[in-house]
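Just below is one structure, and these are the notes that go with it.
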Amino acid sequence: MKSSGSTQPKPERKPKVNVDWSPEAPESHKDKYEVAFGVWQTSLDDADDDYSQKAYRSVSRCNLARTLTTAPSTPSTPQTSASASSSSAPTPAPTLELQSPPPDTHFKITLRRSAISLGDKIKGTLKSLGIHRRFQTVYFPFSPEVAGKILRVKELVEVENVPTHMVMNKQQQRQARKATRGYKVVGSRDGFMRI
1 MKSSGSTQPK PERKPKVNVD WSPEAPESHK DKYEVAFGVW QTSLDDADDD
51 YSQKAYRSVS RCNLARTLTT APSTPSTPQT SASASSSSAP TPAPTLELQS
101 PPPDTHFKIT LRRSAISLGD KIKGTLKSLG IHRRFQTVYF PFSPEVAGKI
151 LRVKELVEVE NVPTHMVMNK QQQRQARKAT RGYKVVGSRD GFMRI
């Protein structure tokens, strides 16, 4: 509880985060970032303050603005042509960096907890997903129906979003689980000495 008898002014707090700025960052971004961290630290220290939610919102907005404004953009054509003419070596690396990973198209659903003691509706939902035992994994394309079924059993399953090339059928999953033999068959005894 706060005592009303002694009203001492709060000491001025400085951000506890040290930010080392690169020379490429514009001054406006530095100011936004420092202000955001100052407000953020104050809001964490004064959790009971009325303005803590506003401070949190301003931090997220400033960080978002900084992220959007300083994100590396694709090189413009004059810079690329100038760098290509100045260096004789080909530059295939930027094309590899600019390629984005394939988009996620499927849910990978794995049953982690058993539904034995749960109701028939939950068991029916798992059966409709094609899951019959623990640690079984199934793949479904993104759809609202499947998303609703997942939400119905969200405490029991683990869900990942995967691209199309990572989708496996039952035989592929079994092969992936199998341990390697540890040896390689070079020949057999049937053809030994050709008898």
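Residue numbers (UniProt numbering): 1 to 195.
In this text, a Cβ means the ideal position worked out from N, Cα and C, and glycines have one as well.
Whole-angstrom Cβ separation of residue i and residue j, contact assumed at under 8 Å?
i, j, result
"Leu126", "Val153", "6 Å"
"Ser117", "Arg134", "Incorrect: roughly 13 Å between the Cβ atoms, too far for contact."
Let's see if you can read the secondary structure: which residues bound the beta strand (DSSP E) around residue i?
i, result
"residue 205", "No answer is possible for residue 205: it lies beyond the span of the chain, which begins at 1 and ends at 195."
"Ile109", "106–111"
Relative to the C-alpha of residue i, which candidate in the options has its C-alpha closest?
i, options, result
"Thr156", "Arg174, Leu98, Asp104, Ile122", "Correcting the residue type first, residue 156 is Leu in the shown sequence and not Thr. For the residues Arg174, Leu98, Asp104, Ile122, the minimum Cα distance to Leu156 belongs to Ile122."
"His165", "Pro103, Leu98, Gln99", "Pro103"
"Glu160", "Gly119, Gln99, Thr105, Leu98", "Thr105"
"Ser100", "Pro163, Glu145, Lys170", "Pro163"
"Asp129", "Ile150, Gly119, Ser117", "Position check: residue 129 holds Leu in this sequence, whereas Asp was assumed. It is Ile150 whose Cα lies nearest to the Cα of Leu129."
"residue 206", "Arg174, Glu145, Gln136", "Nothing can be reported for residue 206: it is not among the residues displayed for the chain, which extend from 1 to 195."
Does residue i come out as helix, strand or coil in the three-state DSSP assignment?
i, result
"Gln171", "helix"
"Val153", "coil"
"Ala179", "coil"
"Val162", "strand"
"Ile122", "helix"
"Ala115", "coil"
"Gly187", "coil"
"Arg61", "In this prediction, Arg61 scores a pLDDT of 45, lower than 50, which makes its location untrustworthy; the coordinate-derived value is nonetheless stated afterwards. Helix."
"Pro144", "helix"
"Ser128", "helix"
Please confirm whether residue i has its beta-carbon closer than 7 Å to some beta-carbon of chain B.
i, result
"Glu155", "Among the protein chains of the structure shown there is no chain B, as only one such chain exists."
Segment contact, 8 Å Cβ cut-off, at least three pairs: the stretch 101–110 with the stretch 130–144: Contact between the stretch 101–110 and the stretch 130–144 is present, because at least three Cβ pairs lie under 8 Å.
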